[in-house]
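Per UniProt numbering, the sequence shown starts with residue 1, numbered consecutively.
Here the structure is laid out as structure tokens; the discussion comes afterwards.
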Amino acid sequence: MFKLHTKIIDWNGKTLELETGKIARQADAAVVVKMGGTVVLCTVVGNKKQKEGIDFFPLTVNYQEKFYAIGKIPGGFNKRESKPSEHETLVSRLIDRPIRPLFPQGFYNEVQIVCTVLSYDTDYEADVLSIIGASAALTISGIPFTEPVAATRVGYIDGKFVLNQTYEETKTISDLDLIVSGTESSVLMVESAAKELSEELMLEAVMFGHKQFQPIIQAIKEFAAEVGKPAWEVSLVDNSEIDAKVKKLAEKELKAAYAEIQKQARNEKINAVEDKVTAELVTNQGLDEIKVKSAFKNLQKDLVRNNILDNNQRIDGRNPKEIRNIVGEVDFLPKTHGSALFTRGETQAICVTTLGTESSEQMVENLHGLRHDRFMLHYNFPPFSVGEVGRMGAPGRREIGHGKLAFRALTAILPPKEEFPYAIRVVSEITESNGSSSMATVCGSSMSMMAAGVPLKSSVAGIAMGLIKEGEKFSVLSDIMGDEDYLGDMDFKVAGTAKGITALQMDIKINGINEEIMKIALSQASEGRLHILGKMDEAISTSRSELNENAPRITSIKIEKDKIREVIGSGGKVIRDICEKSGAEINIADDGTVKIASNNDAGTQIALNMIKGITTNPEIGDVYDGVVIKLVDFGAIISFFGVREGLLHISELTNERGSNISNFLSLGQAVKVKVISLDHRTGKVKLTLKDKPNFSDDKKSSSQESEESTESESKREPREPRGEDKREPREPRGEDKREPRESRGEDRRELREPRGGDRREPRESRGEDRREPRESRGEDRHEPRESRGEDRHELREPRGENKDRDANFSRRKSGNGHKADQERTSTTEIAKKKKRFF
């Protein structure tokens, strides 16, 4: 069923596999690239009919990652992949850039390349494999394609170049992350981020990578010889006749138009010449408009290029190494955290830095998992920057690519997060553009971060280099303009510090360049970069020692891990309360690091005090600043240490009984208090004033009174023997008005039966009394009932008057009287219970 063809390549000790004939057989070509656990499907489909009405090559490249490749379900509500991520867009451009120059001139058929990551192994990156797979698919598809390309990743670890290092090595230990792509004979594309490496080392890395992917190119050629499809028969556009007519009609006026140095005035003159040519050849002679406009562009290209190669003079009159005028300015936006206006010729960028907390970091979810980026750089290119009317909306591929280049250039000089725990967002607004706007973004962003107080290692500048090449004759241009970029053969961007390169990007529009041209371009870029850094230093040379007054201040403290729960509180109640009262933003890490961000020092201090109050236990003798939050009869409740509360007893303020606390303190009053007592079990704290008032000798504190009272009691003479009970007999307490017990009526206990019946037998029928006779229970400590006087129960009626309360109290002071009262209380309680029961 399947005509499977496989090509296995031993690449630097690792196995790379190309496979076709099994998957996506209806595409013009489909190649599955495998290396380790990474599998990428690369498909190519071309339209055999040329699209009418266009004069460019409509190539589309789409790179897409599927979360199933790593065994994950996408986040979000829909749980499926949606629009391309930033990383997917960048890899799509990475595939496009080395492939586009290898299609023949005049080939305007639609071609679409789709690379899909089906399985992903973190040790084998999918971007390089996608370039190889797309090249292999184009080579075997039959679509006109000059020759195969290949790519590789180069790292620099411990002073040695490393081929195809892992993702983890790139992020942690490598000083270089460089992807180089090209053909058998030349380099076509370079994309890199570096940690201030020299020009010589960067050139060596590029050539090392070019040498290392040669086995892949040979394998693709062999693969194509085995399974390649017949080449398409396409008719390329022959425009030579129209080219001659346009040249004759417009050459002289076009030269005069290019003598205008200002871009806007120059474009107006060029457009006037083009309108004249179009009217003559299209309207009057009936020639194809698309072909006429294409011929006019070819004439522009020839005039500009020949003037540079022959006369060493560029469009605006500069020589190849000359840099345009540069003006830098900082702090021109008053309410931002940091701002810079960078102008180079007719290219201008407003760069604004904003500082935030960890909660402002950008969350990125991809095949490597979930990460948070603390540094963000966003590049905006509105249509007014080039004097045009255009669409405004989400950033396009170009804006994403330019922003990422500037991002790489600046990442190497950022301070570590441990030293500068802020999220950093830089926005570049391109307000004018005539070439090198991405490099203007690098310069302006560096200045704005310095103005905001971000402690950068050094300033970073960027410069765009160009190339004009005809045969063996070439000229490398410094600080290219838009027309030189459009009409030239190379866009070579270099960014870095005075010490070395931090980012490099190269795109070639011809079949490639050699080592000699790259060496000249890097050397010339170094000279230009140092010149630009000098101009930037005139505006600001080092980072400000303090943050901008509008920026938040972040303070870090460390707490015990077991205290994190207390600071957060149930459902976040405590931390929300701290944030509301202080106006600060608080982030707590798992290791107990607490970061407090506030726009003012007062808010930071409030949050600090509240957190310390929760996590720090006060000790006796500690002194704190407190605030009276409540007044009670016996003292005041003092809030101290943020969230702690303690009691300041009134005795610590005065020894006068009945004093009103409001005479000494008021709500909201600030006081300085000292801890005098602490209950570690309950957390209750007793306080005194740090500067406690001196009471006079006749005004003693309650504690002193208590001590003296105790001392005086201990000094009292022993009580004399009380002797005979001096109390009067009970008879004077009044005659018991109650009837004898026998005459109190029937025993109410008999009424129990209707309520369910008393389960106990009547007292008479209960049998023999189980209690021993009183005589056998030991000597009764009490007198016989007969000798105890009249039954005390008979005296119950006058109980309400309590006329002998003092006498009873004195009796309870004595031992026997106390015991007697206990018995009487017990008997009374039993009687009450019986009463309730019946």
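Note that the Cβ used here is the ideal one computed from N, Cα and C, for glycine as well.
Please read all numbers here as calculations on a predicted model, not as lab measurements.
Sorting Asn62, Ser437, Ala602, Ile400 by C-alpha distance to the C-alpha of Gly462 places Ser437 at the top. Excluding its 5 nearest sequence neighbours in each direction, Val330 has C-beta neighbours in its own chain below 6 Å: Ala340, Met447, Ala451, Ala539, Ile540, listed in chain order.
Within its own chain, the residues whose Cβ lies closer than 8 Å to the Cβ of Lys335, once the five positions on either side in sequence are excluded, are Asn550, listed in chain order. One Cα belongs to Glu652, the other to Arg681, and the distance between them is close to 24 Å.
Thr20 carries a strand assignment under DSSP once its states are collapsed to helix, strand and coil. When DSSP reads this structure, Trp11 sits in a beta bridge with Lys14. With 16 or more other Cβ atoms from the protein chains shown falling within 10 Å of its own Cβ, His649 counts as buried.
Residue environment: His372 is assigned as exposed (fewer than 16 neighbouring CB atoms within 10 Å of its CB, all protein chains considered).
The straight-line gap separating the alpha-carbon atoms of Leu370 and Asp55 is approximately 43 Å. The beta carbon of Trp11 sits closer than 7 Å to the beta carbons of Pro215, Ile216 from its chain, once the five residues preceding and following it are set aside; these are given in chain order. At the C-beta level, Val567 and Ile620 stay beyond 8 Å of one another. Residue pairing from DSSP places Met376 in a beta bridge opposite Arg425. Looking at the backbone, the Cα of Ala503 and that of His337 are separated by about 26 Å. With a contact defined as Cβ atoms closer than 8 Å, Leu178 and Gly209 qualify at about 7 Å. Per the C-alpha coordinates, the member of Met490, Pro455, Phe342, His368 positioned closest to Glu429 is Phe342. When secondary structure is reduced to three states using DSSP, His402 falls in the helix class. In this structure, Ser475 lies near Leu309, with their beta-carbon atoms less than 8 Å apart.
Less than 8 Å separates the beta-carbon of Pro148 from that of Lys221.
Ranking Glu253, Ala295, Lys248 by CA distance to the CA of Asp238 puts Ala295 first.
Scanning the segment 228 to 288 for uninterrupted alpha helix (DSSP H) segments of 4 residues or longer gives 240 to 258, 263 to 278, listed from N- to C-terminal end. Under the DSSP assignment, Val685 falls in the beta strand (DSSP E) whose first and last residues are 685 to 689.
Annotation: Phe384 to Glu432 spans about 8 Å, alpha carbon to alpha carbon. Residue pairing of Thr38 in beta bridges, as defined by DSSP: Met35. Burial check for Asn609: the Cβ neighbour count within 10 Å reaches 16 or more, so the residue is buried. Proximity to Pro618 across Gly646, Ser240, Lys301 peaks at Gly646, based on C-alpha coordinates. Annotated three-state conformation of Leu188 is strand, per DSSP.
By the neighbour-count criterion, in which 16 or more other beta carbons inside 10 Å mark a residue as buried, Val39 falls on the buried side. Going by beta carbons, Thr89 and Arg553 fall outside the 8 Å limit. Straight-line measurement puts the Cα of Val494 at about 34 Å from the Cα of Ser82. Around the CB of Glu125, 16 or more other CB atoms lie within 10 Å, so the residue is classed as buried. Within the DSSP secondary-structure output, Ser119 pairs in a beta bridge with Val39. In the structure shown, Lys612 falls within a helical segment according to DSSP collapsed to helix, strand and coil. Secondary-structure assignment with DSSP links Val675 through a beta bridge to Leu687. The straight-line gap separating the alpha-carbon atoms of Gly317 and Pro74 is approximately 55 Å. Look at the segment 325 to 392 and you find these whole runs of beta strand (DSSP E), each 3 residues long or longer: 326 to 330, 338 to 344, 347 to 356, 362 to 366, 369 to 373, 375 to 380.
The beta carbon of Glu199 is closer than 6 Å to those of Leu522, Ser526 in its chain, skipping five residues each way along the sequence.
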